[in-house]
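J.:
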Amino acid sequence: MDGFVAEGYEGVADLFRANFSVRSEVGAAFAAVVDGRIVVDLWGGTRDVATAEPWSKDTLQLVFSGSKGLVAGAMLVLVDRGLVALDEHVATYWPEFARHGKGDITIGDVLSHRAGLPIVDSAVSVDDLLDPEAMAARLADQAPRWLSASRASYHSLTYGWLCGEIVRRVTGVSLGQFVRTEIAEPLGVNLWVGLPSEHETKVSRISVSEDFGPAKEFVSSGPGGPRYMNPPLFDEPMIWNESRFHHAEIAAINAIVDARSMATFYGCLAAGGTIGDVRLVGSETIDNFVSERTRTADALSGEPLAFGAGFMLQSHNSEFGPSVGGYGHTGAGGSVHGTWPRHRTGFSYIRNQMCNDTDDDRTRAILAALYAAVCRE
């Protein structure tokens, strides 16, 4: 294990170390930002189980649906600048989207997983994932599963294509470019949706733990299966270790980051949208985005959903630790990224071995230790 913790946060380091010695972590990093200051920046284990190469300070990790928090961040910036509005129809910015009765679907509906397009009805190949504009065009030409915004279902892949096309129509650049120039560069952090090839050698290699089986079984044959497995995403060989999937913009699921960068992004939101001398967005816009819009059972899977505009909210599982009012986004296999506004804290836990994240003591333990340290300040 390497890195540092500020005084008073030694307990976080102890729990991070225990995740390797007791809970079989393979490679991971954890970071936290409080009041704009990095107080935890830890990493350890191996970057690649095949070569035993150690995880280093500059190791990057693909975070699956943790990516959706950055997509929400891009939409947050657009709304803050007055370029889009949550209650405006998607078709105002993307006229073709109005086909098949979708004219009344709003930006807010898309962000809160109420657009009625949780899956692509036609078969999607692995190669199709690499073309976001083509996938957006398919969704524009698809009828919704329902027209009532009272129903919601997690848009696991389609969320990224829908938001990405909105960003492109409004700004003229791709979502990945927008995240880079309007979020990552101002904050001085390593956040990519579409990784430049020169950073490929820094990317950690994903492996799958034995206890990932139940989670994979749910997404492949459970009630939500068709949403997640069109195309199959977690079969071997693991496509997410291929460079072409790192360099593409699959915005809902392929952001590549380091933990301190995600913690800085969420730390900025926790501080009201400004960190240091960088104003990313205004606090009122953040409050609007994290106001509850969806809290219901998923219309396809039956699983509980809790969302603001793009950001996951605390639910019965307390994905974002003990703090009331936490929000952010989790990712398949166990990554978690979020903020505790009451404590002006942002955090990120990234890992390279996919586990059964429905019952994950590793994340729960380290967030409890962080919360205890923050509350003592």
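Residue 144 in the numbering used here is what sits at position 135 of the sequence shown, and the numbering runs on without skipping anything.
All C-beta atoms in this analysis are idealised placements derived from N, C-alpha and C, irrespective of residue type, glycine included.
Quick one: grab the DSSP three-state call for R269.
T.: The residue you call residue 269 lines up with position 260 of the sequence shown. In this structure, R269 counts as helix in the three-state DSSP scheme.
J.: Please return the same chain residues whose Cβ sits closer than 8 Å to the Cβ of A306, not counting the five positions on each side in sequence.
T.: As a first step, residue 306 is located in the sequence shown; it is residue number 297 there, counting from the start. Here the set comprises E312, P313, L314.
J.: Which same chain residues end up closer than 7 Å to V119 when comparing Cβ atoms and leaving out the 5 residues on each side of it in sequence?
T.: Residue numbering aside, residue 119 sits at position 110 when the sequence shown is read from its first letter. Same-chain partners within the cutoff: V99, L171, C172.
J.: Excluding the 5 residues preceding and the 5 following M271 in the sequence, name in chain order all residues of the same chain whose CB lies nearer than 6 Å to its CB.
T.: Translated into the one-based positions of the sequence shown, residue 271 becomes position 262. Result list for M271: H346, S357, in chain order.
J.: If distances are taken between C-alpha atoms only, which option among E386, V72, E251 comes closest to R200?
T.: Along the sequence shown, read from residue 1 onward, the residue named residue 200 stands at position 191. The question names Arg, but residue 200 is Leu in the sequence shown. Closest by alpha carbon: V72.
J.: Within 10 angstroms of its Cβ, does A38 collect 16 or more other Cβ (buried), or is it exposed?
T.: Taking the first residue of the sequence shown as position 1, residue 38 is located at position 29. That one is buried.
J.: Pick helix, strand or coil for A41, following the three-state DSSP scheme.
T.: Numbered from its first residue, the sequence shown carries residue 41 at position 32. Three-state result, A41: strand.
J.: Can you tell which of G342, G343, A318, R353 has the C-alpha that lies nearest to the C-alpha of V333?
T.: Position 324 of the sequence shown, counted from the first residue, corresponds to residue 333. When each option's Cα is compared against that of V333, the closest is R353.
J.: Give me the Cβ distance between W64 and G36, rounded to the nearest whole Å; I'm assuming they're in contact under 8 Å.
T.: Your numbering for residue 64 matches position 55 in the sequence shown. Your numbering for residue 36 matches position 27 in the sequence shown. Yes, W64 and G36 are in contact; Cβ-Cβ is about 5 Å, under 8 Å.
J.: Using a Cβ-Cβ cut-off of 8 Å (strictly less than) and excluding sequence neighbours within five positions of E97, which residues of its own chain qualify?
T.: The residue you call residue 97 lines up with position 88 of the sequence shown. Taken in chain order, the residues that qualify are T115, I116.
J.: Within 8 Å, do at least three Cβ pairs link the segment 319-328 to the segment 75-87?
T.: Flag = yes, the segment 75-87 and the segment 319-328 touch.
J.: Below 6 Å CB to CB, which residues in the same chain sit around V48 once its five sequence neighbours on both sides are set aside?
T.: As a working note, residue 48 is residue 39 in the sequence shown. Result list for V48: A15, Y18, A41, in chain order.
J.: S357 lies in the alpha helix (DSSP H); which residues open and close that run?
T.: Counting from 1 along the sequence shown, the entry for residue 357 is found at position 348. That residue, S357, is in no alpha helix (DSSP H); its beta strand (DSSP E) goes 354-360.
J.: With DSSP collapsed to three states, give me the class of I284.
T.: Indexing the sequence shown from 1 puts residue 284 at position 275. It is a strand residue.
J.: Report the three-state DSSP secondary structure of A378 (helix, strand or coil).
T.: Along the sequence shown, read from residue 1 onward, the residue named residue 378 stands at position 369. DSSP places A378 in helix when its eight states are reduced to three.
J.: Using DSSP bridges, identify the partner residues of Q70.
T.: Start at 1 with the first residue of the sequence shown, and residue 70 comes out as number 61. V266.
J.: Spatial neighbours of D44 within its chain, please: CB distance less than 6 Å, with the 5 preceding and 5 following residues excluded, ordered by chain position.
T.: Here residue 44 corresponds to residue number 35 of the sequence shown, with the count starting at 1. So the qualifying residues of the chain are R353.
J.: Could you check what DSSP says for T167 in three-state terms: helix, strand or coil?
T.: Here residue 167 refers to the residue found at position 158 when the sequence shown is read from its first residue. Here T167 sits in helix by DSSP.
J.: Can you give, in chain order, each stretch of the alpha helix (DSSP H) that sits fully within the segment 130-205 and has at least 4 residues?
T.: Qualifying alpha helix (DSSP H) stretches, in chain order: 141-149, 167-180, 184-188.
J.: Return helix, strand or coil for P63, following the three-state DSSP convention.
T.: Taking the first residue of the sequence shown as position 1, residue 63 is located at position 54. P63 falls in the strand class under three-state DSSP.
J.: Does W349 come out as helix, strand or coil in the three-state DSSP assignment?
T.: Counted from its first residue, the sequence shown places residue 349 at position 340. Strand at W349.
J.: Is the separation between the beta-carbon of R214 and that of N239 shorter than 9 Å?
T.: Residue 214 sits at position 205 when you count from the first residue of the sequence shown. Residue 239 sits at position 230 when you count from the first residue of the sequence shown. No.
J.: Can you give the beta carbon distance from I265 to L204, rounded, assuming they're within the 8 Å contact cut?
T.: By one-based count along the sequence shown, residue 265 stands at place 256. By one-based count along the sequence shown, residue 204 stands at place 195. That pair is a contact at about 5 Å.
J.: Using a Cβ-Cβ cut-off of 8 Å (strictly less than) and excluding sequence neighbours within five positions of S134, which residues of its own chain qualify?
T.: Taking the first residue of the sequence shown as position 1, residue 134 is located at position 125. So the qualifying residues of the chain are P240.
J.: The beta strand (DSSP E) that contains L51, what's its start and end?
T.: For the purposes of this step, residue 51 is taken as the residue at position 42 of the sequence shown. That run of the beta strand (DSSP E) goes 46-57.
J.: How about T68 and D267: are their beta carbons less than 9 Å apart?
T.: One-based indexing of the sequence shown puts residue 68 at position 59. One-based indexing of the sequence shown puts residue 267 at position 258. Yes, they are a contact pair.
J.: In this structure, does DSSP put A13 in helix, strand or coil?
T.: What you label residue 13 is simply residue 4 of the sequence shown in a count that begins at 1. First, the residue type needs correcting, since residue 13 is Phe and not Ala in the sequence shown. Strand, per DSSP.
J.: Hey, how far is the Cα of A381 from the Cα of R147?
T.: Against the sequence shown, residue 381 aligns to sequence position 372. Against the sequence shown, residue 147 aligns to sequence position 138. Their Cα atoms are separated by approximately 48 Å.
J.: Quick one, are the C-beta atoms of L278 and T348 less than 9 Å apart?
T.: Taking the first residue of the sequence shown as position 1, residue 278 is located at position 269. Taking the first residue of the sequence shown as position 1, residue 348 is located at position 339. For L278 and T348, yes; Cβs fall inside 9 Å.
J.: What first and last residue would you give for the alpha helix (DSSP H) that runs through R253?
T.: For the purposes of this step, residue 253 is identified with residue 244 of the sequence shown, where counting begins at 1. Looking at the DSSP string, the run of the alpha helix (DSSP H) that includes R253 is 252-256.
J.: Only counting the same chain, and skipping five residues up and downstream in sequence, which positions put a Cβ closer than 7 Å to that of L24?
T.: Counting from 1 along the sequence shown, the entry for residue 24 is found at position 15. Excluding sequence neighbours, L24 sits near A374, I375, A378.
J.: Using alpha carbons as the reference points, say which of D150, H122, H325, Q70 lies closest to S159.
T.: By one-based count along the sequence shown, residue 159 stands at place 150. When each option's Cα is compared against that of S159, the closest is H122.
J.: Can you check DSSP and say which residues form a bridge with H98?
T.: Taking the sequence shown and counting its residues from 1, the one referred to as residue 98 is at position 89. In the DSSP output, where bridge partners are listed per residue, H98 has T115.
J.: Quick check: R269 and E34, are their CB atoms within less than 9 Å of each other?
T.: Stepping through the sequence shown from its first residue, residue 269 is reached at position 260. Stepping through the sequence shown from its first residue, residue 34 is reached at position 25. Contact: no.
J.: Using a 10 Å radius around the Cβ and a threshold of 16 neighbouring Cβ atoms, would you call R56 buried or exposed?
T.: The residue you call residue 56 lines up with position 47 of the sequence shown. Per the 10 Å Cβ criterion, buried.
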